[in-house]
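Taking it in order: structure first as structure tokens, then the write-up.
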Amino acid sequence: MVEKDKVELLRDILFTDDRVFAEKIADRIKIIEKTVNEKDQLSEKVDPIITQRLNEFIADIPKTLGPTITLTLKEEIRKNKDDIVDALYPILGKMIKKYISQEMKILSEKINQKLSASRWKIKFKSWFTGVKEEEIILSELESASIEQVLLIERGSGILAASYTKSETIDEDMISGMLTAIKGFVEDAFGQKNQNLELIEYELYNIHLQSFVSYYVAVVISGNYSISAKDKVQDLIFDFYDDFMGKNLDSLFASEKESDKKIMDRETLEKELLVKFENASI
Amino acid sequence: MQVSKKIVVLGHFGVGKTSLIRRFVEDSFSDNYKVSIGVHITKKVVEVSPEEEVSLILWDLEGTDDLTTIRDAYLLGTHGVVFVFDVTRPSTFQALNADLDIVRSKISKTPLLVVGNKVDLVLKEDLETLFTKNNIETNFLTSAKTGNAVNDLFLHLAKLLH
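From first to last, the protein sequence lines are chains A and B. Note that my numbering has the first sequence beginning at 1, numbered continuously upward. Note that my numbering has the second sequence beginning at 282, numbered continuously upward.
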């Protein structure tokens, strides 16, 4: 064995582990270089992280950027009012035009129906009362209608009975809130023996008729004229007269205290239905 | 059979009246404090026996440090009262007995329950010392945050009234 071979043999013995290790590192570096330099490979690794960060960023926008965006928008609107009006004007104009034409179409259909159905009746009414035919037609088209009736215990606001045309939110809560509003207004003005009688609520009027132990709230849609109010009051008085009359009968009919019960909710609601379901006002 | 009862919940500012009601009705809690203005009305039906239910109409009155200013109109026809104080704020219970006298003068002969709220924030031993020191008697110790004793309070009241 020559001197050179001996040196090689010695190197093999001494450095085999290090060489294998160095080769492994070189392989890893190659893979990393490939991953970093080749777009597809890199995107496969990085995309999920970016997506996750992006989602977090989007979720945080209301918190982090929300106030700044609102402030900027307010500032921009304040500075450029005319530009904004110019931009919105055609859109709003179109919306209003569409709405009016739709309403006119409905009104025209209603007038046609009315004219064909009761032309002679209207003519006669106009001749007899001196009110123009078109005014009679318009007032009849907008006629008021009873949507809901609530019989409520004064003070506590507990609902005794109700009649409703369509589903509303919990009637017990409506009764409570009406009673609170009524109580607040009556209390605030400090006038004893005065009652809140009407709440106007955009398309609806809520007529409140107070009695000693109860009050009746009637929700009315349409044109709530003085004559409609008069009819509603008549209906309420009629109902209350019957209701109280029957209550008093049942109270005085029994001698035993335990038998003296006021009318149950079911009976009262039947009474309300009979009185108000087909009532025209 | 179901009967309806009007329950008024009152007390000083920020004692947790609205949170107690929200915990009872919706079983939820929020740390965001919003001052109640006027009155807010909610409802929950409680079963007091297999055949009997009580519909509790809960009137959540705005908090006030001067109980004489509570509007009488809100108290008319009340069937039950819940007076709430905050166990962490002495200002809400230092004059408790005087406050209760004012409430009783406004609504006499009506069942009244005294409730110490926010008990999750104090130690039980500290509470006992606090109550003895201030001569306070409570009916319920609740936490709207954890829900502790909230349902028991309203169920007890419903049974008392039906």
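Glycine included, every Cβ here is placed at the ideal spot set by N, Cα and C.
| Check | Outcome |
| --- | --- |
| Can you tell which of A:VAL46, A:PHE276, A:PHE243, A:LYS121 has its C-alpha closest to the C-alpha of A:THR267? | A:PHE243 |
| What are the start and end residues of each continuous alpha helix (DSSP H) run of 4 or more residues lying completely inside the stretch 165–226 of chain A, in chain order? | 171–188 |
| Would you say B:GLY297 faces chain A, with C-beta separation under 7 Å as the test? | no |
| Compare the C-alpha of A:ALA161 against each of A:ASN80, A:LYS246, A:GLU167, A:LEU272 and name the closest. | A:LEU272 |
| Mapping the DSSP letters down to three states, classify A:GLY93 as helix, strand or coil. | helix |
| Does DSSP put A:SER270 in a helix, a strand or coil? | Correcting the residue type first, residue 270 of chain A is Lys in the shown sequence and not Ser. If DSSP states are grouped into helix, strand and coil, A:LYS270 belongs with the helices. |
| Just verifying my parser: in three-state terms, what is the DSSP assignment at A:GLY66? | helix |
| Is it right to say B:LYS399 is buried, meaning 16 or more other beta carbons lie within 10 angstroms of its own, or is it exposed? | buried |
| What does the alpha-carbon distance come out to for the pair B:LYS287 and B:GLU406? | 35 Å |
| Would the beta-carbon of B:GLY292 fall within 7 Å of that of B:VAL384? | no |
| With contact counted as at least three CB pairs below 8 Å, one residue from each stretch, are the stretch 375–390 of chain B and the stretch 338–350 of chain B in contact? | yes |
| Could you tell me which of A:HIS207, A:LEU54, A:ARG78 sits nearest to A:ALA144, measuring between CA atoms? | A:HIS207 |
| Where A:ASP285 and B:GLU328 are concerned, what is the direct C-alpha to C-alpha distance, given to the nearest angstrom? | This structure does not reach residue 285 of chain A, given that chain A is present from 1 up to 281, and the question cannot be answered. |
| In angstroms with no decimal places, state the Cα-to-Cα distance between B:SER424 and B:ALA430. | 7 Å |
| Counting only beta-carbon atoms, is B:LEU320 nearer than 7 Å to chain A? | According to the sequence provided, residue 320 of chain B is Val. The question's Leu does not apply to it. Cβ-Cβ to chain A under 7 Å: yes for B:VAL320. |
| Taking the alpha carbon of B:ARG304 as the point to measure from, which residue in B:VAL320, B:ILE417, B:ASN415, B:PHE435 has its own alpha carbon closest? | B:PHE435 |
| So B:LYS287 contacts chain A; which residues on that side make the cut at Cβ distance below 7 Å? | SER156, GLY157, ILE158 |
| Measure from the C-beta of A:ALA161 to each C-beta in chain B and report whether the shortest distance is under 7 Å. | no |
| Do B:ILE338 and B:SER285 have their CB atoms nearer than 7 Å? | yes |
| Just tell me which of A:SER166, A:ALA217, A:VAL2 has its CA closest to the CA of A:LEU235. | A:ALA217 |
| What are the residues in the stretch 373–386 of chain B lying within 7 Å of chain A by C-beta distance? | none |
| Quick check on the burial criterion: 16 or more other C-beta atoms within 10 angstroms. Buried or exposed for A:ILE61? | exposed |
| Please classify A:ALA188: is it buried, with 16 or more other beta-carbons within 10 angstroms of its beta-carbon, or exposed? | exposed |
| Using a Cβ cut-off of 9 Å, pull out every chain A residue sitting near B:GLY361, in sequence order please. | None at all; the shortest Cβ gap to chain A is about 11 Å. |
| For B:ILE338, does the three-state DSSP call read helix, strand or coil? | strand |
| Looking at chain B, is there any beta carbon in it that lies within less than 7 Å of the beta carbon of A:ALA217? | no |
| Which of the three DSSP states, helix, strand or coil, is assigned to B:LEU348? | helix |
| Among residues of its own chain, excluding the 5 on either side of B:ASP341, which ones have a beta-carbon nearer than 8 Å to its beta-carbon? | VAL290, LYS298, THR299, ILE302, SER317, VAL320, HIS321, ILE322, THR323 |
| Between which two residues does the alpha helix (DSSP H) containing B:THR372 stretch? | Checking the displayed sequence, the identity of residue 372 of chain B turns out to be Ser instead of Thr. No alpha helix (DSSP H) contains B:SER372, which DSSP labels as neither H nor E. |
| Between A:VAL149 and the ligand FAD, is the CB less than 6 Å from at least one heavy atom? | Among the ligands in the structure shown, none appear at all, so the ligand FAD cannot be discussed. |
| State the beta-bridge partners of B:VAL284 as determined by DSSP. | B:VAL335 |
| A:GLY130 by DSSP, collapsed to three states: which one? | coil |
| Among B:ALA439, B:HIS437, B:LEU442, B:ASN432, which residue has its Cα nearest to the Cα of B:GLU307? | B:ASN432 |
| So, using beta-carbon positions, are A:VAL149 and A:PHE237 closer together than 7 Å? | no |
| Give me the DSSP bridge partner(s) of A:GLU23. | Answer by DSSP bridge pairing: none, since A:GLU23 is not bridged. |
| Using 7 Å as the threshold, is the C-beta distance between B:LYS426 and B:PHE310 below it? | yes |
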